[in-house]
Amino acid sequence: MTDLSKITCIEDLRVLAKRRVPRMFYDYADSGSWTEGTYRANEADFQKILLRQRVAINMEGRSTATTMIGQPVSMPVALAPTGLTGMQHADGEIAAARAAKAFGVPFTLSTMSICSIEDVAQHAGPGFWFQLYVMRDRDFIERLIDRAKAAGCGALVITLDLQILGQRHKDIKNGLSTPPKPTLANLINLATKPRWIMGMAGTPRRQFGNIHGHVKGVTDMSNLGAWTADQFDPRLNWGDVEWIKNRWGGKVIVKGIMEPEDARLAVDSGADALIVSNHG
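Everything in the sequence shown is counted per the numbering used here, starting at 7 for the first residue and increasing by one.
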């Protein structure tokens with residue numbers, strides 16, 4: 007067991023994850039697409055953000071508590087949607103949602119999660135946010151929105167900056183696909199991760215829970231891989247955001263805004279909040 011009191015920063019967690027998680031899944035989280043230029047730029051941009059320090063001011067009773075889209079939070083931070091979290095750690099999305107709820111910040115479940123919307127709601131309770139990829143299969147999207155509503159999700163996060171999938175070089179080299187390729191290198195690497203193997207052996211959640219069993223014509227992992235690769239819609243537009251907003255009927259957060267003009271269009275389309283981001 008790891009003594010969490012010895013974990014002092016995010017870098018400690020990264021090192022721990024690299025030691026415990028199979029390489030193909032660790033590299034998926036700790037990398038970007040193509041040359042990874044955006045990934046490096048994102049890190050550099052955050053390093054430029056400095057906090058102003060004021061002195062000789064009464065600090066008694068200080069608090070980071072505030073509200074986000076009307077929801078009380080212990081600090082203005084939310085856990086971002088991350089696909090395949092349930093492959094980083096058995097039932098990873100459920101564990102992350104529980105931790106976020108206990109700390110008092112929102113957890114955002116990815117469309118491409120391993121644990122389903124219903125799983126997270128059952129084990130971690132309602133109120134978490136759900137991230138939506140806008141796909142060509144509008145019937146599936148409608149049912150996905152309805153499932154998020156039935157699960158009591160507190161907000162819908164619409165991703166707009168992934169209409170075309172970027173090539174992830176490490177995924178190709180590691181054989182990370184749907185289903186994963188059981189190469190000799192992968193099998194050898196898996197043999198060095200007994201804790202991960204035991205965790206995954208003890209859970210039935212090893213599929214894309216929001217998709218598997220919910221898409222017509224998809225019967226196994228190979229069908230699922232082909233369906234997913236063809237689903238990201240390059241025709242996505244602001245009219246789709248309005249349609250989703252009306253179907254959802256609740257708080258909508260638009261993710262992927264980088265330009266002021268897009269921010270204005272997002273607000274005009276009914277967005278309640280914006281996330282400035284860029285896929286790496």
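C-beta: ideal position from N, C-alpha, C; glycine also.
Fair warning: this is a prediction, and the values are worked out from it, not measured in the lab.
Asked                                                                                                                   : Found
Residue 249: first and last residue of the uninterrupted alpha helix (DSSP H) it sits in                                : 244-254
Closest residue to residue 132 among 223, 157, 149 (Cα-Cα distance)                                                     : 157
Given residue 142 as reference, the closest of 42, 241, 267, 276 once Cα atoms are compared                             : 241
Inter-residue Cα distance where the pair is residue 277 and residue 254                                                 : 12 Å
Residue 262 (DSSP reduced to helix, strand or coil)                                                                     : strand
C-alpha distance - residue 94 paired with residue 239, whole-angstrom precision                                         : 27 Å
Backbone CA spacing between residue 90 and residue 67 [nearest angstrom]                                                : 40 Å
Whole runs of the beta strand (DSSP E) within the segment 111-184, excluding any shorter than 3 residues                : 135-139, 161-165
Buried versus exposed, by CB contacts within 10 Å (16 or more), residue 315                                             : Residue 315 falls outside the range modelled here, since the chain spans only 7 to 286, and no answer is possible.
Inter-stretch contact (C-beta, 8 Å, three-pair minimum) for the segment 145-162 and the segment 118-135                 : yes
Close-in-space but distant-in-sequence residues of the same chain around residue 176 (CB under 6 Å, 5 per side omitted) : 33, 37
Through-space distance from residue 234 to residue 137, alpha-carbon basis                                              : 16 Å
Option nearest residue 206 by Cα separation, candidates 122, 266, 96                                                    : 96
Assigned secondary structure, residue 16 (DSSP; H/G/I helix, E/B strand, else coil)                                     : helix
Integer Cβ distance of residue 215 from residue 122, believed to fall under 8 Å                                         : 3 Å
As assigned by DSSP and simplified to three states, the class of residue 57                                             : coil
Sufficient close CB pairs (3 or more, under 8 Å) joining the segment 165-180 to the segment 260-274                     : yes
Euclidean distance between Cα positions of residue 186 and residue 223                                                  : 21 Å
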